[in-house]
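Going by the numbering used here, the first residue of the sequence shown is number 814, and it counts up by one from there.
We put the beta carbon where it would ideally sit given N, CA and C, even for glycine.
As the structure is a computational prediction, the values presented were derived from the model and not from experiment.
Worksheet: one structure, shown below.
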Amino acid sequence: LEQAEQGVDYFTIHAGVLLRYVPMTAKRLTGIVSRGGSIMAKWCLSHHQENFLYQHFREICEICAAYDVSLSLGDGLRPGSIQ
Numbered sequence: 814l815e816q817a818e819q820g821v822d823y824f825t826i827h828a829g830v831l832l833r834y835v836p837m838t839a840k841r842l843t844g845i846v847s848r849g850g851s852i853m854a855k856w857c858l859s860h861h862q863e864n865f866l867y868q869h870f871r872e873i874c875e876i877c878a879a880y881d882v883s884l885s886l887g888d889g890l891r892p893g894s895i896q
């Protein structure tokens, strides 16, 4: 909310990195190649909780609409090489 009030133009969020998908990345040779996706995956694992961006997605969209902020959905689990 604070950044929206300050007038940012867009947010990039990685709401698609869900706790249940993180174990599926274990066999990737390159791991999670998205920096934001990697940060969210580590957060989910360390807190044993679902991605808070996913849980609050509707509220984030409402904030973006109210402050005319564009929303970029970061591809946090884009293809990575597997063994």
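Requested in this report: For C874, I'd like the list of residues in its chain whose CB is within less than 8 Å of its CB, leaving aside the five on either flank, ordered along the chain.
Outcome: L884
Query raised in the report: Ends of the alpha helix (DSSP H) at S851?
Result: 848-860
**Report entry** Exposure label - H827; buried when at least 16 CB within 10 Å
**Finding:** buried
Query raised in the report: Would DSSP call I845 helix, strand or coil?
Result: coil
Query raised in the report: Does the region 846-864 come within contact of the region 816-823, defined as at least 3 CB pairs closer than 8 Å?
Result: Touching, no, given that fewer than three Cβ pairs across the two stretches are closer than 8 Å.
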